[in-house]
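Numbering (my numbering), first residue to last: 916 to 1057.
Think of the CB as a built atom: it goes at the ideal place given N, C-alpha and C, for glycine as much as any other residue.
All of these numbers come straight from a predicted model, not from anything done at the bench.
Below is one structure, written out as structure tokens; the observations come after it.
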Amino acid sequence: MTSPDSNSRALSNTLPNLGELELSILNLLWDSQQSALSAKEVFSLLETSSLNTVQSALERLFRKSLLTRTKHRHAYLYSPQLRRHELTSAIIGSVIERLQVGSLEPVLNSFVDFAEGIDDYTLTRLETMIQERRKARLGDDD
């Protein structure tokens, strides 16, 4: 698997184009207990309009390098190319790159405002994660 940074750069042009069905498929694949699913399995779990619609969405996600696929008998089995947090990081990074000019202060303020708006636990968890990252960074320098 390539590094998240290279995936972020490679995906920057495709991320904003994810539709609701594509996001539902990605979430289903991430949450699945199986390593890969066929289009028929995805269709049966999503209960969406048609198998053809699901197959088209899977093909789009594959072409966007968000899914891998392997041939199994007469069908492809699909699995996510990235983990959920890697795609989330890539999406957020892409938005920041497009909107950020100069100081990162507005971006950071927006992120903290968002975390605070969820609940106190989320804000506290953000503080803890920042402290953990700082400790890890200091440990890497040794």
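Annotation: the continuous alpha helix (DSSP H) that includes Leu944 extends over Glu935 to Asp946. Beta-bridge partners assigned by DSSP to Lys986: Tyr991. Ser953 has Leu992 as its beta-bridge partners, per DSSP. Distance from the Cα of Leu1041 is smallest, within the candidate group Leu1053, Asn1024 and Leu952, for Asn1024.
Below 8 Å, enough C-beta pairs join the segment 953-962 and the segment 973-992 to call them touching: three or more. For Gly1017, there is no enclosing alpha helix (DSSP H), as DSSP gives it neither H nor E.
Segment contact: the segment 966-985 against the segment 934-948, three or more CB-CB distances shorter than 8 Å; contact assigned. For Arg978, the enclosing alpha helix (DSSP H) has its first and last residue at Leu966 to Arg978. Taking 8 Å as the upper bound for CB-CB distance, Leu966 and Leu981 are not in contact here, some 20 Å apart. CA-to-CA, the gap between Arg1052 and Ser1018 works out to about 23 Å. Here the alpha carbon of Phe977 sits roughly 11 Å from the alpha carbon of Thr985.
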